[in-house]
Structures are given as structure tokens and as C-alpha cells.
Amino acid sequence: MPEVDDAKLHEDEQRLKEIIERPKTGRRVSEIKDELGTTMNQYVAVYREEEGLQKAHEVVRRLKEEAKTAYVDDQGTVFNQDVLGAVELGYMLDCSEAIVVAAIERKESRGAQFRVDYPDRNDEEWQKHIDISRNGDDVPHVSYSPVTITQWEPEERKY
Amino acid sequence: MAEFKLKLRRYNPETGEAPYWQEHTVELEPHRSVLEAILQAKNNEDGSIGVRCSCKAAICGSCGVRVNGKPGLACHTHLDAALASAKDGETIVVEPMGNMPVIKDLIVDMDAVHWKKIQRVTPWLVNREPVPEREYIVPRESMVDVTQSMACIQCGACVSDCLSMEVDPLFIGPAALAKSYRFVGDPRDDMQQVRLKDLSEDPHGIYDCTHCFKCIEACPKGVAPMSQIMRLRRIAGNDHHIVDRNNGDRHERAFVSLIRDHGLLWEAELLPRSYGGDSWFGKFHPHAGKELLSSLPAITKALLRGKVTPMGALKPHDIPAKDLEQVQRIYKTVEEREERVEFNLYISGKDEDLLPSSTATEEASA
Chain A
1 MPEVDDAKLH EDEQRLKEII ERPKTGRRVS EIKDELGTTM NQYVAVYREE
51 EGLQKAHEVV RRLKEEAKTA YVDDQGTVFN QDVLGAVELG YMLDCSEAIV
101 VAAIERKESR GAQFRVDYPD RNDEEWQKHI DISRNGDDVP HVSYSPVTIT
151 QWEPEERKY
Chain W
1 MAEFKLKLRR YNPETGEAPY WQEHTVELEP HRSVLEAILQ AKNNEDGSIG
51 VRCSCKAAIC GSCGVRVNGK PGLACHTHLD AALASAKDGE TIVVEPMGNM
101 PVIKDLIVDM DAVHWKKIQR VTPWLVNREP VPEREYIVPR ESMVDVTQSM
151 ACIQCGACVS DCLSMEVDPL FIGPAALAKS YRFVGDPRDD MQQVRLKDLS
201 EDPHGIYDCT HCFKCIEACP KGVAPMSQIM RLRRIAGNDH HIVDRNNGDR
251 HERAFVSLIR DHGLLWEAEL LPRSYGGDSW FGKFHPHAGK ELLSSLPAIT
301 KALLRGKVTP MGALKPHDIP AKDLEQVQRI YKTVEEREER VEFNLYISGK
351 DEDLLPSSTA TEEASA
């Protein structure tokens, strides 16, 4: 086990304390989670297109802001699933944003992404990974890395 | 969409206050689950409601609760069914499971009870030595035999309502004993006799079960823990001839032989026969006398409550001779069988379908 950094521990404790002590003026955590799920399901499932993805991006950005003041009901320290939900919501929003940004970036259809506005696979431009990295608390940063082809050569999918 | 009235038993250990009831009204389709209703109340009204859940598909075993007093999985209980079993006809009452300490609201301490008991029964396969070099090919029938106990998802519903455990918290209990059958019944396991000896001699072992059927009713996966306990007893008593110090084996044999001899249970003779066996001589064994003496309070109680009458102690219940003959015919048929028939309810239906058609017809006509 790596040694736990006291400062980091303190920081995390403060983070939880801040969530627990938030005034009940913002939205409910579950409400934001619900809106996020509905949005992702509607615009960022298998069939995707620019317009819908942009809409989803806006919603996710807004929800990220709202999540900062989202409150919890449970102020206790025993089995506090409410505060756990608030922490997890942050991770969900980060992941959602990464998914949306990468989906907008990839202007082709491949695997589980079917871009209605770019229905074909485009190996020439897009046979590469899109890497999304967290850029502080701000917008995610996009970069690329090459694909290593091993046993299976890519070929057109025909059923 | 329909409205459902939900009444949850809440408990917060940090307030120092007693458990209390909280009511919620939820709006859901009647085919949705009680778990969905709890989560709706948690999401929309009170985020502090504590409930464990994960898969929502009756496979993870996390959401064991009592719905209208009956244990089961919240995700496996439809709202319309729960409403139909509501005691007042309109309120679905959800409580934490029994026999385990409540940590918070609907969350019980599975570690303190259920998992401790599972650990107690050596829940892994003990290999034959030397370990075979290649894989061990298990006969299909023997795997069929343990399939039922393998279906357990460790939800704790049977533990919740075990009546024996209520009286004796140390009872190993339905879930753990079903788990132990999973290995006792496995031909690859090298410890069958050791396991059975251990479970028979433990004063909180297999003979602590009172056949109340609560665990069979409770189980959402059809594991029938009590049936597994009875299998353990049959293998311990009949195959390994384990006569335990708790007198469990002899007690069970006394029941069987009394019904065989008299057609009905002769209550007054049950204890003497359990302690002394099937002969007059046995009852005068000093050990039997001592145990009989220790049973005096039970006998007195039985007399006071009319379960035993002084006349009944002298002679068994009357039963017409031809009826007794019928009872004894059942014994004869069962005892003349060369092999003990273990009926696996869990997959017996499918098993028959797999038989070649000729065998199936033969069996049907036999």
C-alpha cells in the first residue's frame, strides 16, 4: 500500500464536508443524475449527429455547473449513500463530457458510434485513437495517438 | 401509472432514537419493483433513505428486505403483488431483514451474521491428494445434485426468517448449510465425512433445523435450503452412520420408527425412544436416564398444555389396522429401494426433458 498523504486526506475530508454542508438552494443530486442520463440516452447513444451532440454538450456543461451546488439530504456519517451519490455524479459528468467531446470530434462512423451525418468509416483520417484528458476543471483536452494493428487487419463490416 | 403508498422502517444509529416509520407516495407502473419505489422516494423526497442495491435484476442479492413482513428481494417483488399482500390492503410496508443487526434503515450487517456463518462451513472445495494432473471429469448426475445449492446469491432472505436462528443465534443456519451441501455433494471434495461429522456434532449444526419451511418460502432463487439440510442429514446418518452427541440422529430415527410402528406419532414415547433407542433395554441406560431427567420440564409443559395426557403415555393413539397397514406399505416400498432417491426439484423438469424418449416412456408407464 502506498502511504496516504495527510494533506490529500484532509483535502478529501474537506470535499465531503463541503458537499454535506451545502445549503438546500441548488438542485437535488438525483435530479441532475436523471437529466444527465436522459440526455446521454437521447443524444449520445449509438445513432449520433452533430446537432444532438452539441445539445448534449451544452446540457453536460450546464449540469457540471449545477452539480457544484447540488445538495444532499443525508448529513450523517453512517452508510451515507447520498454523499456517495454526489461524489459519483462528478465522475459521471466528467466521463459524459469526455464521451460527448470525443463523439463530436470523430467525424466518421466506427464500431458503436454511428454518425448519421458521417455514415461511412474513414480509415484515412480517423484510424487513430482520440485521447481525452482532464484539463484541470476546465474543458477537456483532445489529442490523438496511433492505433497498433495486431492479429486482425481492419476491414469493412458486412453482415 | 398508479400511485402506491410506501411505508419504510427507518433507523439512524447516530441520533440515538428508536426506529420509526416513514410514509411516501410513489407513482410507478404496477409491474415495476418495490426497489424502484424505494429509489423513487429516495431520489425525489428523502436522499437519506438507506438501501443496498445494485443489479435490479435479482442476480446480485444486494436488496434483501422484508416486504409486508415477508423476506425477499425488493427488485424481485412487483408493486402490484406487494399491494395484494399488504396487510391493510393499501400500504406496502418495507423493513430490514431479521436475525441481523440493522446498520441503517433497510441495511443490515451481513458481515456480522451471514458471512460469518458462510465462513464457518469451509466454503471451498478440498481437493483429493494427490491432485490429479488433468481436469477431473465430474459425472453429470452429481453436478445436477448440487446445482440447486449453487443457485444461491447470498441475499440473506432465508437467514432473515430462520425460526431456529431466532431462538439460537449460533445456529449455522439455512444459507451456510446449503452452501456446505454444495461441497458435501461434490464428488471431487475429499472431506465429505469430516464435514458431516463436524456439522452433526456441532450443537448448532444440521440437527438444529426444525423443518419449519420458512427458508424455502423465503428464497427468491429456489434453493430450498431446508431440503439441502435434510440431504446433509440423510448422508450423515444413512451413509456415514454418524450418531451425534446432540441426539439429533436418534431423535429423527425415533420419529420414523414411531410412525412405522403406530401409524401416528406417539408423543409420550418420542423422548424415551430418542434417548434410549428402539428397545426397552436402552431406556434404562444410565445416559438415557440422565437425559430423560433433563427433559422433565419439557414433559411437564407438554402435560400442562394437553399435548400429552397420562393415558397417552400408557398407550399409543388408536388407528384402524387397515390404515396402519397402508402406512407400513409406504415404509416397505421406500426401504426396499436399492438406492435412496434424491429428488432435485430445482431442475428435475428440465432433466426429464433431456432423457432419451424411450426411457421417458418406460418411466411413465412404470
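For the record, the sequence lines run as chains A and W.
Under UniProt numbering, the letters of the first sequence match residues 1 to 159, in that order.
Under UniProt numbering, the letters of the second sequence match residues 1 to 366, in that order.
Glycine included, every Cβ here is placed at the ideal spot set by N, Cα and C.
Remember, predicted model here, so these are calculated numbers, not experimental data.
Give me the DSSP bridge partner(s) of Ser85 (chain W). Answer by DSSP bridge pairing: none, since Ser85 (chain W) is not bridged.
Neighbour flag for Ser30 (chain A) against chain W, beta carbons, 7 Å: yes
Do Ala151 (chain W) and Val94 (chain W) have their C-beta atoms within less than 7 Å of each other? no
At what residue ranges does the region 66-124 of chain W contain a whole run of the beta strand (DSSP E), taking only runs of 3 or more? 70-73, 91-95, 102-104
Backbone CA spacing between Lys158 (chain A) and Asn68 (chain W) [nearest angstrom]: 54 Å
Does any C-beta atom of chain A lie closer than 7 Å to the C-beta of Asp351 (chain W)? Only weak support exists for where Asp351 (chain W) lies, its pLDDT of 46 falling under 50; the value from the coordinates is given anyway. For Asp351 (chain W), the answer is no, since every Cβ of chain A falls outside 7 Å of its Cβ.
Which whole-angstrom value describes the C-beta separation of His204 (chain W) and Phe183 (chain W), a residue pair presumed to lie in contact below a C-beta threshold of 8 Å? Not quite, the Cβ-Cβ distance comes to about 19 Å (not below 8 Å), so this is no contact.
Taking DSSP's pairing of strands, which residues face Ile172 (chain W) in a bridge? Ile172 (chain W) is not bridged to any residue.
For chain A, find out if any of its Cβ atoms is closer than 7 Å to the Cβ of Ser48 (chain W); answer yes or no. yes
In whole angstroms, give me the CA-to-CA distance for Ser164 (chain W) and Gly173 (chain W). 8 Å
Alpha carbon to alpha carbon, how far is Pro123 (chain W) from Asp12 (chain A)? Give it in angstroms, no decimals. 38 Å
Quick one: what's Trp21 (chain W) bridged to in DSSP? W:Arg9
Against chain A, does Asn43 (chain W) count as a neighbour if the rule is that its beta carbon must be under 7 Å from one of theirs? yes
If you measure from the CB of Gly173 (chain W), is any heavy atom of the ligand SAH nearer than 6 Å? Here there are no bound small molecules, and the ligand SAH is not part of this structure.
For a quick check, are the C-beta atoms of Ala2 (chain W) and Pro30 (chain W) less than 7 Å apart? yes
Give me the subset of the region 104-124 of chain W whose CB atoms are less than 9 Å from a CB atom of chain A, sorted by chain position. Lys104, Asp105, Ile107
Given a cut-off of 7 Å, decide if Ala298 (chain W) and Ala268 (chain W) are closer than it, judged by their beta-carbon atoms. no
Residues in the same chain with beta-carbon distance under 7 Å from Pro146 (chain A), minus the five sequence neighbours each way, listed in chain order, please. Lys128
Could you give the distance in angstroms between the alpha-carbon of Arg329 (chain W) and the alpha-carbon of Asp80 (chain W)? 47 Å
With a threshold of 16 other CB atoms inside 10 Å of the CB of Leu271 (chain W), please say whether the residue is buried or exposed. buried
Does any residue of chain W have a CB that is nearer than 7 Å to the CB of Ala87 (chain A)? It is worth fixing the name first, because residue 87 (chain A) is Val in this sequence and not Ala. Closer than 7 Å: no.
Comparing C-alpha positions only, which one of A:Ala103, A:Arg110, A:Pro140, A:Ile149 sits nearest to Gln54 (chain A)? A:Ala103
If you follow the beta strand (DSSP E) that Lys158 (chain A) is part of, which residue opens it and which one closes it? Careful: Lys158 (chain A) lies outside any beta strand (DSSP E) and carries neither H nor E.
What would DSSP say about Ala302 (chain W), mapped onto helix, strand or coil? helix
Once you ignore the five residues that flank Tyr218 (chain W) on each side, which residues in its own chain have a CB closer than 6 Å to its CB? Rather than Tyr, the amino acid found at residue 218 (chain W) in this sequence is Ala. If we look at Ala218 (chain W) and ignore the five residues flanking it on each side, its Cβ neighbours are Pro71, Ala157, Cys158, Asp161.
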